[in-house]
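Novice: Dropping the structure in here first, questions after.
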Amino acid sequence: MAEIKIIEENEHFLKLEISGFPKEIVNALRRTMIAEVPTLAIDEVLFTENTSSLYNEYIAHRLGLLPLKTNPDPEFLANLSIDIQNGLIPEYRSDLQLRAECPPQAGKSLTIYSSDLKSLGAEEIEVVEKNIPLFKLGVGQIVELQAFARYGIGKQHAKFSPVSPVSYSFKPVLIFDKSKEFNCEEHVNVCPKQCLEYKDGVLRFTDAWECILCRACEKDCKTGATKISWDESIVRMTIESTGSLPPKVILKTAALILIRKLEILVSLLEKKEEIISEKNGSNQSVSKNGN
Ligand code: SF4
Numbered sequence: 001m002a003e004i005k006i007i008e009e010n011e012h013f014l015k016l017e018i019s020g021f022p023k024e025i026v027n028a029l030r031r032t033m034i035a036e037v038p039t040l041a042i043d044e045v046l047f048t049e050n051t052s053s054l055y056n057e058y059i060a061h062r063l064g065l066l067p068l069k070t071n072p073d074p075e076f077l078a079n080l081s082i083d084i085q086n087g088l089i090p091e092y093r094s095d096l097q098l099r100a101e102c103p104p105q106a107g108k109s110l111t112i113y114s115s116d117l118k119s120l121g122a123e124e125i126e127v128v129e130k131n132i133p134l135f136k137l138g139v140g141q142i143v144e145l146q147a148f149a150r151y152g153i154g155k156q157h158a159k160f161s162p163v164s165p166v167s168y169s170f171k172p173v174l175i176f177d178k179s180k181e182f183n184c185e186e187h188v189n190v191c192p193k194q195c196l197e198y199k200d201g202v203l204r205f206t207d208a209w210e211c212i213l214c215r216a217c218e219k220d221c222k223t224g225a226t227k228i229s230w231d232e233s234i235v236r237m238t239i240e241s242t243g244s245l246p247p248k249v250i251l252k253t254a255a256l257i258l259i260r261k262l263e264i265l266v267s268l269l270e271k272k273e274e275i276i277s278e279k280n281g282s283n284q285s286v287s288k289n290g291n
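The sequence shown begins at 1 in full-length UniProt numbering and counts up one residue at a time.
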C-alpha cells in the first residue's frame, strides 16, 4: 500500500519516506519540482544611473538570482505552469526599485544588500533573505535602477526553479547467508558509516538509511555471506527549497502539474477517438452510396 512519512521538516527543508510508489512516478515528481513549478524572479532591469565599477549586466544577473517569495497556492501555480508550457506569458509582473549611494563623507566603500530593494507594486514582493550582499559602491558612486519580477519555470532559466537539490535514494537491503558466515565480527569494522552489527550469529544494519551502498562489506566478505542490494519500492526523498516556496507546496504543485498533463493527454486522446470514429462513419456512408 502506498504511504508517505515525514522524516524531517523545517521552513526550507523536507525529508520524506515514500513507499509503494513506482520509482518512475517519484522521479517524475523530482523532475517536475526542478523544472516546472513556477517561481517569481527578476527578469528585467532598467538602469537610470550606474557610476559603480560593475557593468549593468553583472548587477542585473545578481538581481535575477535573488530568491523572491512566491504565491504559495498550488492550484494557481499548477495552472500557471501549464499556461507557460503552452507558450502563454503570465500577465503578472511586479516592480522593485533600488537607489543606493555611497556619500563622499562616508570615507569608505558601502555594501548594498538585498534588503535595499524596495517593492513598488500594490502587491508587495519580498526577498527571501534580506542580508544577501549584491555589490559594493566606492565613495561617491551611485546606482539607481528599477527591476521587474515575473513568473517563469526552471526549464526557461535556473533562477525560476524553487529548489536547490531534490534527490532520492532507495532503501538499502542487507542479505546475509548464515550458512556461509565467516569472520563477520571483523568485517563489521570495514563499514565507513559504522552501520553494521554482528549479534547472535546474524549480521544486520543498525540503521539501513545510513548505508551508502559502497559495498565495502560485500567485498571484504570472502565467503560471499554478505550481499548488499536495495529496495526500489521504498525511497527517501529530500527537498531543499530556495525559500521562494515551502517544500510541501513545491511537492503538491508538482503533483498537480503531472495530473493536469495527464488530463490534457486523456482529453486529446478522446478528441482523436472522436475524429477517427467520425471518419469511419463517413467512409461507411460513402461506400454505401458507391454501392
Ligand atoms: S555497503 Fe558500505 S556503507 Fe553499506 S553497510 Fe556495507 S560497508 Fe557499510
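Yeah, the Cβ is synthetic: ideal placement off N, Cα and C, and Gly gets one too.
Enumerated in chain order, which unbroken segments of the beta strand (DSSP E) with a length of 3 residues or greater are wholly contained in the stretch 118–143?
Specialist: 133–137
Novice: Look at the alpha carbon of K136 and the alpha carbon of D43, and state the distance between them as a whole number of angstroms.
Specialist: Whole-angstrom Cα-Cα distance: 22 Å.
Novice: Leaving out the 5 sequence neighbours to the left and right, which residues in its chain are closer than 6 Å to I142 when beta-carbon positions are compared?
Specialist: E49, T51, E101
Novice: Thinking just about the alpha-carbon of each residue, which of A225, Y168, S81, D231 is nearest to the one in N27?
Specialist: Y168
Novice: Does any heavy atom of ligand 1 sit closer than 8 Å to the C-beta of V190?
Specialist: yes
Novice: Mapping DSSP to helix, strand and coil, what is L96?
Specialist: strand
Novice: Ligand 1 and K171: does any heavy atom of the ligand fall closer than 8 Å to the residue's C-beta?
Specialist: no
Novice: I'd like the list of long-range same chain contacts for K248, defined as Cβ closer than 7 Å, with 5 residues on each side in sequence excluded.
Specialist: Within its own chain, the residues whose Cβ lies closer than 7 Å to the Cβ of K248, once the five positions on either side in sequence are excluded, are L14, listed in chain order.
Novice: Taking the alpha-carbon of P162 as reference, which of E57, S229, L213, T32 has the nearest alpha-carbon?
Specialist: T32
Novice: Please specify which runs of the beta strand (DSSP E), each continuous and at least 3 residues long, are wholly inside the stretch 32–104, giving them in chain order.
Specialist: Taking only runs of at least 3 residues, the beta strand (DSSP E) segments lying wholly in the stretch 32–104 are 39–50, 93–101.
Novice: Classify F148 as helix, strand or coil using the three-state DSSP reduction.
Specialist: In the three-state reduction of the DSSP assignment, F148 falls in the strand class, which pools E and B.
Novice: Relative to the C-alpha of S53, which residue among P90, K23, L110 is closest?
Specialist: L110
Novice: Candidates S114, G20, K155: which alpha carbon is nearest E36's?
Specialist: K155
Novice: Assign C214 to buried or exposed, taking buried as 16 or more other Cβ atoms, counted over all protein chains shown, within 10 Å of its Cβ.
Specialist: exposed
Novice: Tell me the DSSP bridge mates of V266?
Specialist: Paired residues: none, contrary to the question.
Novice: Could you round the C-beta distance between K193 and I212 to whole angstroms and report it? I think they count as a contact, below 8 Å.
Specialist: Between I212 and K193 the Cβ distance is about 6 Å, and since that is below 8 Å, they are a contact.
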